[in-house]
Each structure stands twice: as C-alpha cells, then as structure tokens.
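Numbering (full-length UniProt numbering), first residue to last: 1 to 687.
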C-alpha cells in the first residue's frame with residue numbers, strides 16, 4: 001500500500017512553529033543569563049545544575065579560524081576546584097585538584113563544546129559586570145559581557161571563540177576590546193540558549209517551504225511519500241571485498257544493502273552491536289567506489305568517534321568544526337589544523353602571527369590613540385586573514401573524499417556549494433528532523449544509522465507524556481507533526497522495514513543484561529557475542545576479588561521505605577528565580593552509590609573502569625562532591641551524555657523517590673533502554 005503523501009510546505013511551516021516554541025522554552029530555561037548580577041549562591045546553583053561555571057580567569061588569547069579571537073579560561077588560583085579557598089589545604093587535597101598537565105582543575109560543570117556562553121565579571125556582590133568605558137550605563141543598567149562559542153573543554157581550561165556574536169549591543173570589534181579588559185579579573189560563564197542551531201534549522205525549513213516541486217530531489221519526494229524508494233541494485237554496487245575481517249553476518253548484510261540502495265537505507269544498531277564499526281567499513285567501501293561522502297551527527301562526539309576510527313584507514317577526510325576530544329587522530333584531520341599545516345596555509349599562518357603580535361602589543365600600550373591605531377591594523381589584518389583562509393578552506397574541503405560535520409555544522413559556509421554523492425547521518429534517532437534536513441535538501445542518497453528504540457532527541461517544549469497521550473497521539477503537535485518524531489521514525493513508519501537492516505550481534509553486555517531490552521524492544525533478535533555473554537567483573541583481565549558485587553551481572557539496591565526522598569536542587573533559589581525546578585537530587589541515595597563504588601574499588605575494580613551516571617544534573621553535582629576527589633579517574637556523567645559509550649561497571653542513580661510515585665521523564669521506555677544498555681556489568685538503585 002502506497003504511503004499517504006505529506007505536503008512539503010505544510011510540513012515546513014509546522015516545523016517552524018514547533019521550533020519557535022522549542023527555542024522559547026530553551027531561552028526561558030536559561031533566563032538568568034539575561035542578568036550578570038546573579039548572586040554568588042545563584043551562581044553556585046547554576047553551576048551545580050550544569051548552567052554555569054564559576055571561579056575562572058582569562059589566561060591567554062590567540063587567533064582562531066576565521067580570524068576570531070579565542071580565549072583560554074582557567075581556574076582561579078585563589079579558589080580550589082571545590083570552591084573553597086586554596087590556602088590551608090593539605091598537600092594531598094591540593095594534589096587531587098591538579099589535572100594531568102599540573103594545572104588546577106576546573107570545578108565540576110556542565111559546559112560542553114558548542115555551547116554558547118556569556119563571560120561576566122564576578123564582583124563580590126554579583127552586581128559588577130564586564131564593560132568597556134563607553135558601554136557602562138547609569139542606574140545599575142550594566143552592559144552584558146561578551147558572548148562566544150566553546151571550542152574546547154579540558155580538565156584545567158576551556159577555550160571560547162569570540163567575534164562570531166556580539167554581546168550587550170556591541171559590535172564584534174567592540175567585543176574584542178572588552179575581552180582585553182578581562183585580564184586579571186574574577187570571571188564566570190553562564191550558558192545561553194544556542195540560537196545558531198535554531199537559526200540554521202529555521203532557515204532550512206524556510207528554504208524547504210519555498211522550494212517548487214521541480215526543485216525537489218528524488219530523496220525528498222521519497223521522504224514525504226510522493227514516491228516510493230527504488231529497489232536496491234546489488235548488481236550495480238558490484239562485488240564487495242570486505243576490508244575488516246571481524247565483521248559479522250548482520251553487519252555485512254547492512255553494508256551490502258546500504259551500497260545497493262538507490263535513495264534511502266536505514267541501519268538499525270541496537271546497543272553494542274557495532275554500528276560505528278559498520279559505518280567505517282561502509283564509508284571506506286563508498287570511497288573505493290569513488291563516491292564523495294558527507295558524514296554528519298547531532299553532536300561533536302558522534303562525529304569525532306567516526307573520525308577517530310576512520311583516520312587509520314588512510315581515507316582523505318576533513319572534519320569541519322572543533323573536535324570535542326583533542327586526540328591527535330582527530331586534530332590532524334580537523335579543518336582548523338589543516339589550515340595551519342597544509343602547504344596552502346603558509347601565507348595564512350603569517351597573517352595569523354602578525355595579528356597575535358598586534359594583540360600582545362595592546363597590553364603594553366598605555367595611550368588610547370595608539371590602542372585605537374592598533375585595533376584598526378588588526379581589523380584590516382583580519383579582513384585579509386579571512387579572505388586567504390577562505391580560499392585555503394575551499395581547496396581543502398573540495399579535495400577531500402569524506403567530509404565530517406555536526407548536523408548544524410553542515411550548514412556552515414565551509415560546505416556552501418559542495419556536492420556529495422551520499423549523506424550519512426549517525427545517531428539519526430537522536431536528532432530533530434529539521435536538524436537533519438540542513439544536510440539533506442540536495443542529497444541524492446541518504447543512509448541513516450541509529451536506534452529509534454533508545455534515547456530520543458531532547459525536546460524541552462514537549463509536555464510530559466502519559467500513556468493515554470501516547471495511545472491517542474500527541475495532542476500538542478502542530479498540523480499532526482511533533483519534534484519528537486524523528487526522520488528515522490517517520491521513514492520507517494512510512495515505507496516499512498524493507499528500507500531497514502538491523503544489526504543483531506551485541507558485544508557489550510552480559511547475556512542476562514541483554515535479555516530485557518532484547519525481549520521487550522528488539523523482538524528477541526539480539527544475540528550476545530561469545531566473549532561477553534558470561535563475562536563478570538570478577539573475570540576482568542586483572543585481579544578482582546569474588547564478592548556479592550563482582551559475581552553477579554546485575555545488582556539492585558532497593559531504597560524503598562527509607563529516608564531517601566528526592567529534592568529540588570537548591571529549592572529556595574529555584575523557587576525564587578523560577579528556574580531549575582526539574583533538577584532533582586537525592587542525597588541519601590548518593591551516599592548509597594558512593595558506598596557501592598567503594599565496595600567495587602576495594603574488590604579490585606579499577607576506578608577508570610567504573611562510570612556513575614544519573615538523569616539529573618542536581619544529582620550529578622551531589623555525586624561529584626562525594627566521588628570526584630576520592631576517585632579522579634572515575635567517570636561521572638549524565639545518562640544522555642553517556643549513551644553510546646561503555647565501562648566495565650556502571651552504577652545508575654535513578655534519584656526519583658516520592659510519595660506520589662512519580663518517575664517523570666524516566667517513564668519513557670526509550671530512556672530506560674538507554675540506561676540499561678551501556679555496559680558489561682550493571683548496578684542500579686531500585687525505586
């Protein structure tokens with residue numbers, strides 16, 4: 001039966017309305033960013049719940065891509081990573097606050113690569129903010145600090161690129177003058193709503209809505225049900241000599257299918273089934289067939305995972321944007337490094353060096369007239385820099401067989417007018433559909449990889465779903481469309497399982513852990529690989545004692561009936577500010593988690609092989625206070641942030657415990673699946 005066609009203009013208009021609601025929800029969730037005069041207690045609450053970072057100073061500046069000014073921010077030496085005065089701490093505590101590079105660690109925070117942040121001055125009362133002389137205003141109406149994009153996050157420093165967005169009504173050039181005044185001042189970051197992604201999705205939907213039918217690609221007509229997918233042509237794709245000898249039968253079948261498909265192929269990769277492994281082989285096979293490939297993902301990590309694994313295959317690749325992990329295998333292929341190290345980049349490097357020298361001279365100049373003259377020189381040099389770098393970037397991208405970028409990064413100027421034979425989107429089931437279309441409007445063939453039965457994209461504007469709402473459809477959808485419905489979901493429901501191939505052998509979990517998601521969500525099709533099916537913590541390749549915690553694959557800690565009530569993080573501040581009401585914590589449960597981690601370590605499990613995850617930033621802050629200094633190699637993170645990764649032992653803190661028996665967004669079965677499938681050994685607290 002043919003699918004019911006969807007009107008492209010109606011879809012595009014509905015998406016714009018939904019995206020506007022989502023953007024408004026995101027802006028309101030960070031409304032404290034509208035003021036730099038947040039009190040110290042509010043700033044601490046914002047940091048504990050992932051919205052801010054306090055206790056920092058500007059360490060240095062340099063010139064980044066596009067001639068942008070990039071600042072490195074480090075921990076204030078007068079304040080320890082724990083937020084207490086450094087004086088009087090003993091040597092052991094002081095040492096625990098140092099990163100591997102010997103510098104002071106930043107406090108626990110939720111700032112990530114790609115976040116938009118505003119830099120404010122942290123005066124004693126919280127009322128003083130950064131402002132140049134001409135920006136200062138009377139009656140306490142202080143100017144806002146400069147805004148930038150986080151490009152790197154390390155243990156001891158965070159890099160922020162300025163010059164892309166003004167702040168407080170200033171021009172980009174005026175912002176740079178303000179940044180020079182940050183030296184020697186106590187600072188803090190506030191995370192802002194990321195309107196870059198929103199703007200690109202909005203622009204894409206506007207463009208889609210204005211397209212005439214003659215401008216629609218075959219794939220676009222397939223995506224909206226105006227035609228059916230063309231049958232795969234296995235003969236045309238040619239014989240396959242697999243490069244990776246470790247591929248299993250389901251992985252090989254998925255690769256054959258994706259190569260033979262003419263327009264659309266879905267690769268369904270349940271937890272631990274080697275989806276990225278499969279994509280690496282697929283991309284390499286496509287390059288062998290002289291196809292040009294654009295690879296995208298919703299996050300920097302999803303893209304960097306592919307760069308890391310693709311690099312050893314000697315495939316010419318370029319990574320657009322700033323890698324989230326600064327490994328050499330990733331950096332060597334990032335556009336930022338290539339524009340500094342390629343043969344065509346020498347003349348660009350000379351201009352960059354001259355700009356940096358001019359910046360250094362500003363701080364040695366006392367007179368305003370001389371400073372203004374230097375700023376004018378820098379302005380002219382930046383113009384020259386951008387022109388030369390643009391040509392260098394264009395050449396590097398054009399000569400690459402595989403280009404990799406985040407979904408919103410695919411809308412950047414670096415890919416303007418670039419043509420690709422195939423677009424591959426990894427983690428497609430975690431991306432908003434409008435985000436996917438940034439890279440797909442002109443795509444002739446598309447491969448979507450993901451798992452629509454794991455974590456969905458985070459939608460702040462969506463109301464909490466109930467079972468009845470789920471059965472009756474989303475009543476808050478616009479024109480029958482909702483942001484929670486992904487392109488992966490929609491294509492699968494529209495064209496059926498014939499466009500999909502599923503990976504069935506999983507290499508991550510003990511068979512008993514795997515059984516629940518397999519039976520409940522994957523039609524009992526998952527099979528545990530021999531090397532993990534019976535593997536326990538006591539069997540790790542180093543000495544681990546056999547205890548109650550190491551001889552079982554699953555351990556539940558039941559806290560019912562005890563004093564384990566949840567609470568809103570810093571409830572008084574949250575109520576006062578109308579913010580963070582959803583950031584919950586459970587102090588007693590955090591103590592249980594800490595004791596369980598102690599037991600595992602005492603049994604011999606190495607801290608670096610353990611992860612502690614939780615759905616709430618408030619609980620993450622509580623766990624960090626208990627565990628960060630004691631076990632610096634232990635991984636602490638959110639459930640959403642940890643998806644797709646693995647550790648030998650994962651302790652999950654579920655947090656929720658209340659007399660109303662409410663579990664909130666944990667009631668979403670895909671989120672539960674995401675938590676139950678990240679590891680080889682699983683330890684949890686039961687509600």
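Cβ coordinates follow ideal geometry from the N, Cα and C atoms, glycine included.
What you are looking at is a predicted structure, and each value in this text was computed from that prediction instead of being measured.
Quiz item: Thinking just about the alpha-carbon of each residue, which of 297, 262, 290, 263 is nearest to the one in residue 279?
Solution: 297
Quiz item: Where does residue 107 fall in DSSP's three states?
Solution: coil
Quiz item: By how many angstroms is the C-alpha of residue 392 removed from the C-alpha of residue 294?
Solution: 19 angstroms
Self-check item: Which of helix, strand or coil DSSP assigns to residue 359
Solution: helix
Exercise. Could you pull out every residue in the same chain whose Cβ sits closer than 8 angstroms to the Cβ of residue 315, ignoring the five residues on either side in sequence?
Key: 283, 284, 287, 401, 402
Quiz item: What does residue 69 pair with, by DSSP beta-bridge criteria?
Solution: 63
Quiz item: According to DSSP, is residue 246 helix, strand or coil?
Solution: coil
Exercise. Rounded to whole angstroms, what's the CA-CA distance from residue 17 to residue 406? Just pull it up for me.
Key: 23 angstroms
Practice problem: Out of 107, 611, 516, state which residue places its alpha-carbon closest to the alpha-carbon of residue 77. | Solution: 107
Quiz item: How many angstroms separate the CA atom of residue 227 from the CA atom of residue 261?
Solution: 15 angstroms
Exercise. Starting from the Cα of residue 455, find the closest Cα among 369, 271, 240 and give me that residue.
Key: 271
Practice problem: Use the C-beta contact count for residue 11: other C-beta atoms within 10 angstroms, 16 or more gives buried, fewer gives exposed. | Solution: buried
Quiz item: Do you know whose CA, among 652, 602, 635, 547, lies nearest residue 615's CA?
Solution: 652
Practice problem: Report, in whole angstroms, the separation of the C-beta atoms of residue 119 and residue 46, which I expect to be a contact under 8 angstroms. | Solution: Not really, about 14 angstroms apart at Cβ, beyond 8 angstroms.
Quiz prompt | Three-pair Cβ contact test at 8 angstroms for the stretch 492 to 505 versus the stretch 250 to 264 | solution = yes
Quiz item: Using 8 angstroms as the threshold, is the stretch 445 to 460 in touch with the stretch 419 to 426, meaning 3 or more CB pairs across them?
Solution: yes
Quiz item: Is residue 420 helix, strand or coil when you go by DSSP?
Solution: coil
Exercise. Going by CA-CA distance only, name the one from 655, 70, 624, 266 that's closest to residue 146.
Key: 70
Quiz item: Among residues of its own chain, excluding the 5 on either side of residue 277, which ones have a beta-carbon nearer than 6 angstroms to its beta-carbon?
Solution: none
Practice problem: Classify residue 187 as helix, strand or coil using the three-state DSSP reduction. | Solution: strand
Practice problem: Using the Cα positions of residue 323 and residue 341, report the straight-line distance between them to the nearest angstrom. | Solution: Caution applies to residue 323, whose pLDDT of 42 falls short of 50 and renders its modelled position unreliable; the model cannot decide the point.
Exercise. Return the chain-ordered list of same chain residues with a C-beta closer than 7 angstroms to the C-beta of residue 208, the five sequence neighbours on each side being excluded.
Key: 8, 12, 437, 441
Exercise. Label residue 574 either buried or exposed according to how many other C-beta atoms from any shown protein chain fall within 10 Å of its C-beta, with 16 as the threshold for buried.
Key: In this prediction, residue 574 scores a pLDDT of 47, lower than 50, which makes its location untrustworthy; no coordinate-derived value is stated.
Quiz item: For residue 506, does the three-state DSSP call read helix, strand or coil?
Solution: strand
Quiz item: Which class does residue 647 belong to by DSSP, given the choice of helix, strand or coil?
Solution: strand
Quiz item: Given residue 466, which residues of its chain have a CB within under 6 angstroms of its CB, disregarding the five upstream and five downstream residues?
Solution: Legend: pLDDT at residue 466 = 40, less than 50; position of this residue unreliable, value from coordinates given subsequently. Correct list: empty, nothing qualifies.
Exercise. Measure the CB-CB distance between residue 237 and residue 157 and report whether it falls below 9 angstroms.
Key: no
Quiz item: Over what stretch of residues does the beta strand (DSSP E) that includes residue 370 continue unbroken?
Solution: Not the beta strand (DSSP E): residue 370 falls in the alpha helix (DSSP H), residues 368 to 398.
Quiz item: Nearest CA to the CA of residue 404: which residue from 439, 376, 386?
Solution: 439
Quiz item: Does DSSP put residue 346 in a helix, in a strand, or in coil?
Solution: helix
Self-check item: Distance between residue 235 and residue 388 (C-alpha atoms, nearest Å)
Solution: 45 angstroms
Quiz item: Considering only the beta carbon of each residue, do residue 604 and residue 560 sit closer than 9 angstroms?
Solution: no
Quiz prompt | CA-to-CA distance, residue 203 to residue 514, given in whole angstroms | solution = 42 angstroms
Quiz item: Which partner residues of residue 75 appear in the DSSP bridge assignment?
Solution: 56
Self-check item: Reference residue 658; option with closest CA among 567, 490, 594
Solution: 567
Quiz item: Taking buried to mean at least 16 other C-beta atoms within 10 Å of its own C-beta, is residue 368 buried or exposed?
Solution: exposed
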